[in-house]
Amino acid sequence: MAVQWSSEKYCHSGIDSALGLKKLIPKGEKPKLILTDPPYNLGFDYGSVNDSLDIKDYHKMLLKVFDSAYEAADEDSHFFIINYPEIISRMWDDVIEPKTLTGKPRKKEYWKFHQWITWCYPNNWPPQKNRFTRASRAIIWMTKGKPKIELKKIVQPYKNPWDKRVKELMQEGKRGPAFYDWWDRIDICKNVSEDKSKEPPYSNQMPELLLKRIIHITTSPGDLVADPFAGTFSTVKSALELGRLGWGCDLNEETKIYHPKSQQMDYDSVAPSDLVQKFDIDWMKEPFDISRAGLSPDKFYKSLVANLSIYPVKQRILLLSEIIRLHNYSDEWNTNSITIEKIDIIDILRQIPHLQLDEILLQLGHEASEISNDMKINLLIDTISNATAKSSLDSNFDSQTVLDSVEGLYL
Ligand SMILES: C[S@@+](CC[C@H](N)C(=O)[O-])C[C@H]1O[C@@H](n2cnc3c(N)ncnc32)[C@H](O)[C@@H]1O
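Read the sequence shown against this note's numbering and you will find it ends at 433, with the numbers running on by one and no gaps.
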């Protein structure tokens, strides 16, 4: 019979996790995955818990917890730690691959480093004056023994589903390649996010999508997933929703209000979908992709040009500026020399019907009906290139500036 989950047995607040891992994991159970974002030691508000320890004490505390986690874990298990890259780098020799005082590896059995993954999220807060905005975290993956890894349970969609070979793979039931070692499209929990709607809101709450991706690829339904720095118990909730047993512990007594309810444990809905490859992004919201649409860059330009006439004047000019900017930009930066060589912007602009070209030039202030078609096209490129170059010299360059200057010049 499946083990019955209850928050009394699996969730602990007001307890140091080195002790919790030793004494409070239900008898006979061993975590297959330990997934946690330890305190940052940056003075965050964790109630009565001190988040400004001396750096040596901070590393000592982490090592003690990670040692206990190793002892508590299954003989084949995973350990994921999420934190800022510089904090991880600083703790490397003390905590990730701990060394003795003389710089030699410790003798004690310990987690083995497996991979560094970077999670990139969109973020503009807090604004920075002298460094780039922080928008990434390190996810350190370590292992004990030889745990099962099912990378392909969560995949990214194929970029070229119309390709013959890819079509065959899709017919075999494959949905896409595994993720890279950098993950995007997972937002950080902002203060306005639904996950943070509880009072008091909690510092550094981890997004469910991120936690679930890790849980999916490293565990199966019924396995135990543990988080020794549980905070809002987000890892425990994510585990329960995927039919895994979730265990959490936090030194901050106030985190009790976040303990999940036993109804959140989903005992059976997950097993069938665990067998197929899943997307955890909303693939219908993915940006338009020309290779997925089966278009080469020149065909893409041509289709834009062919439809110029359906757009109102302002948009027509912006669209043309964009086509020319893209062309010039690609040339300059040589981002893709093979395809770019095939694109001849003059050829593309030759597709504009004569009458339409006259009309566009007239709108740009040139009465050009008497000159040859090639001269008209050169005139169009020169005029628009000059205007775009002018706009980009502006120190406050942004799309509105381009819009204003193109409008100001030509309309
Ligand atoms: C970054 S937060 C975790 C947030 C959590 N991942 C979430 O999604 O809400 C770190 C947590 O570690 C807890 N903590 C700090 N020292 C601890 C210790 N020695 N034992 C257990 N918990 C501790 C803090 O109270 C804080 O809740």
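Glycine is no exception: its CB is placed at the ideal position from the N, C-alpha and C atoms. All values reported here derive from a predicted model rather than from experimental measurement.
Fill in: The beta strand (DSSP E) enclosing V247, as first and last residue numbers
The residue you call residue 247 lines up with position 225 of the sequence shown. Segment 246–249, the beta strand (DSSP E) holding V247.
Practice task
Please say whether I237 and K273 have beta carbons closer to each other than 9 Å?
Solution key: Here the question's residue 273 lines up with position 251 in the sequence shown. Here the question's residue 237 lines up with position 215 in the sequence shown. Sequence check: residue 273 is Leu here, not Lys. It is not a contact, given that the beta carbons lie outside the stated cut-off.
**Message:** Closer than 8 Å to a non-hydrogen atom of ligand 2 - does that hold for the CB of V177?
**Reply:** Here the bound small molecules are ligand 1; ligand 2 is not part of this structure.
Given this structure, state the Cα-to-Cα distance separating I239 from Y289, to the nearest angstrom. Numbered from 1 along the sequence shown, position 217 holds the residue referred to as residue 239. Numbered from 1 along the sequence shown, position 267 holds the residue referred to as residue 289. A direct Cα-to-Cα measurement between I239 and Y289 gives close to 18 Å.
Next item on the list: With DSSP as the reference, label T165 as helix, strand or coil.
Entry: The count along the sequence shown starts at 1 and reaches residue 165 at position 143. Annotated three-state conformation of T165 is strand, per DSSP.
_Entirely enclosed alpha helix (DSSP H) segments - the region 181–242, minimum 4 residues_ = When DSSP assignments are scanned along the region 181–242, the uninterrupted stretches of alpha helix (DSSP H) that are 4 or more residues long and fall wholly within it turn out to be 186–193, 230–240.
Task: C33 beta carbon less than 9 Å from that of V258 - done: Numbered from 1 along the sequence shown, position 236 holds the residue referred to as residue 258. Numbered from 1 along the sequence shown, position 11 holds the residue referred to as residue 33. Yes, the Cβ-Cβ distance between V258 and C33 is below 9 Å.
Query raised in the report: CB T254 to CB Y280, shorter than 9 Å?
Result: Along the sequence shown, read from residue 1 onward, the residue named residue 254 stands at position 232. Along the sequence shown, read from residue 1 onward, the residue named residue 280 stands at position 258. In this structure, T254 sits near Y280, with a CB-CB distance shorter than 9 Å.
| query | When the Cα atoms are used, what is the spatial distance from P250 to Q150? | reply | Position 228 of the sequence shown, counted from the first residue, corresponds to residue 250. Position 128 of the sequence shown, counted from the first residue, corresponds to residue 150. So the alpha carbons of these two residues sit roughly 32 Å apart.
Checklist entry - What is the DSSP secondary structure of P319, counted as helix, strand or coil? => result On the sequence shown, position 297 is the one that residue 319 refers to. If DSSP states are grouped into helix, strand and coil, P319 belongs with the helices.
- Locate the alpha helix (DSSP H) running through D272, then write down its first and last residues. Position 250 of the sequence shown, counting from 1, holds the residue named residue 272. First-last for D272: 267–272, but that is the beta strand (DSSP E), not the alpha helix (DSSP H).
Original post:
Going by Cα to Cα distance, which pick from K168, L46, N152, K126 is closest to K134?
Top reply: Taking the sequence shown and counting its residues from 1, the one referred to as residue 134 is at position 112. With distances taken between Cα atoms, K134 lies closest to K168.
Can you say whether Q337 is buried or exposed, counting buried as having 16 or more other CB atoms within 10 angstroms of its CB? Here residue 337 is taken as the residue at index 315 of the sequence shown, counted from 1. Exposed is the call here.
Q.
Spatial neighbours of F88 within its chain, please: C-beta separation below 7 Å, excluding the five flanking residues on both sides.
A. As a first step, residue 88 must be located in the sequence shown, where it is residue number 66. For F88, where only same-chain residues beyond five positions count, the Cβ hits under 7 Å are V117, W133.
Inset, instruction - Measure the Cβ-Cβ separation of R197 and F301 and say whether it is below 9 Å. - result: For the purposes of this step, residue 197 is taken as residue 175 along the sequence shown, with counting starting at 1. For the purposes of this step, residue 301 is taken as residue 279 along the sequence shown, with counting starting at 1. In this structure, F301 lies closer than 9 Å to R197 by Cβ.
So the alpha helix (DSSP H) K259 belongs to, where does it begin and stop?
-> What you label residue 259 is simply residue 237 of the sequence shown in a count that begins at 1. Element bounds for K259: 256–263.
Fill in: Check whether D96 and K54 have beta carbons under 9 Å apart
Residue 96 sits at position 74 when you count from the first residue of the sequence shown. Residue 54 sits at position 32 when you count from the first residue of the sequence shown. Closer than 9 Å, so yes.
* **Rounded C-alpha distance that separates C211 from D115** => Numbered from its first residue, the sequence shown carries residue 211 at position 189. Numbered from its first residue, the sequence shown carries residue 115 at position 93. Looking at the two C-alpha atoms, the distance is approximately 30 Å.
Tell me the DSSP secondary structure of K151 in three-state form.
Counted from its first residue, the sequence shown places residue 151 at position 129. If DSSP states are grouped into helix, strand and coil, K151 belongs with coil.
Taking the alpha-carbon positions, what's the S260 to N105 distance? For this step, residue 260 is matched to residue 238 along the sequence shown. For this step, residue 105 is matched to residue 83 along the sequence shown. If I take the Cα positions, the gap works out to 19 Å.
Please name the residue, chosen from D396, I77, M287, L386, that lies closest to S13 on a Cα-to-Cα basis.
Within the shown structure, residues of the chain are numbered from 23 to 433, placing residue 13 beyond reach of any answer.
On a Cα-Cα basis, can you pick out the residue from S343, L330, P179 that is closest to K307? As a working note, residue 307 is residue 285 in the sequence shown. Residue P179 holds the alpha-carbon nearest to the alpha-carbon of K307 among S343, L330, P179.
Along the beta strand (DSSP E) that carries H281, what are the first and last residues, could you check?
-> Stepping through the sequence shown from its first residue, residue 281 is reached at position 259. Premise fails: H281 is in no beta strand (DSSP E) and is neither H nor E.
Relative to the alpha-carbon of R156, which residue among K166, G195, W141, M228 has its alpha-carbon at the smallest distance?
The residue labelled residue 156 in the question sits at position 134 within the sequence shown. Ranking the options by Cα distance to R156, first place goes to W141.
message: Less than 8 Å separating the Cβ of F88 from some heavy atom of ligand 1?
response: Walking along the sequence shown from the start, residue 88 turns up at place 66. F88: no, Cβ never under 8 Å from ligand 1.
Do D98 and K31 have their beta-carbon atoms positioned less than 9 Å apart in this structure? In the sequence shown, residue 31 corresponds to position 9, counting from 1. In the sequence shown, residue 98 corresponds to position 76, counting from 1. No; because the gap between Cβ atoms is not below 9 Å, this pair is not in contact.
D38 versus L46: straight-line alpha-carbon distance, rounded: For the purposes of this step, residue 38 is taken as the residue at position 16 of the sequence shown. For the purposes of this step, residue 46 is taken as the residue at position 24 of the sequence shown. Computed Cα separation, rounded: 11 Å.
Do you know whose CA, among L191, I393, V177, lies nearest P183's CA?
For the purposes of this step, residue 183 is identified with residue 161 of the sequence shown, where counting begins at 1. If you compare the alpha carbons of L191, I393, V177 with that of P183, the shortest gap goes to L191.
**Asked** Hey, quick one: how far does the alpha helix (DSSP H) through Q4 stretch, first residue to last?
**Response** The structure shown does not extend to residue 4, since the chain spans only 23 to 433, so no value can be given for it.
Inset, instruction - Quickly, what does DSSP pair R159 with across the bridge? List them, please. - result: Along the sequence shown, read from residue 1 onward, the residue named residue 159 stands at position 137. Per DSSP, the beta-bridge partners of R159 are W141.
Endpoints, the beta strand (DSSP E) within which S70 is located: Here residue 70 refers to the residue found at position 48 when the sequence shown is read from its first residue. Run containing S70: none; DSSP gives neither H nor E here.
Rounding to the nearest angstrom, what Cα-Cα distance links N356 and A390 in this structure? Locating residue 356 in the sequence shown gives position 334, counting from the first residue. Locating residue 390 in the sequence shown gives position 368, counting from the first residue. In this predicted model, N356 has a pLDDT of only 44, less than 50, meaning its place in the structure is not dependable; the value taken from the coordinates is given anyway. The straight-line gap separating the alpha-carbon atoms of N356 and A390 is approximately 33 Å.
Neighbourhood of G36 by C-beta, 6 Å cutoff - its chain only, sequence neighbours within 5 removed:
Sequence index remark: in the sequence shown, residue 36 carries index 14 (1-based). Closer than 6 Å at Cβ, skipping near neighbours: E275.
| Taking the DSSP output, what are the residues bridged to I103? | In the sequence shown, counting from the first residue as 1, residue 103 sits at position 81. I103 pairs with T58, I162.
Fill in: Check whether P107 and S74 have beta carbons under 9 Å apart
The count along the sequence shown starts at 1 and reaches residue 107 at position 85. The count along the sequence shown starts at 1 and reaches residue 74 at position 52. No.
Practice item. Return yes when the Cβ of L330 is within less than 9 Å of the Cβ of Q285, no when it is not. Key: Your numbering for residue 285 matches position 263 in the sequence shown. Your numbering for residue 330 matches position 308 in the sequence shown. Taking 9 Å as the Cβ cut-off, Q285 and L330 do not qualify as a contacting pair.
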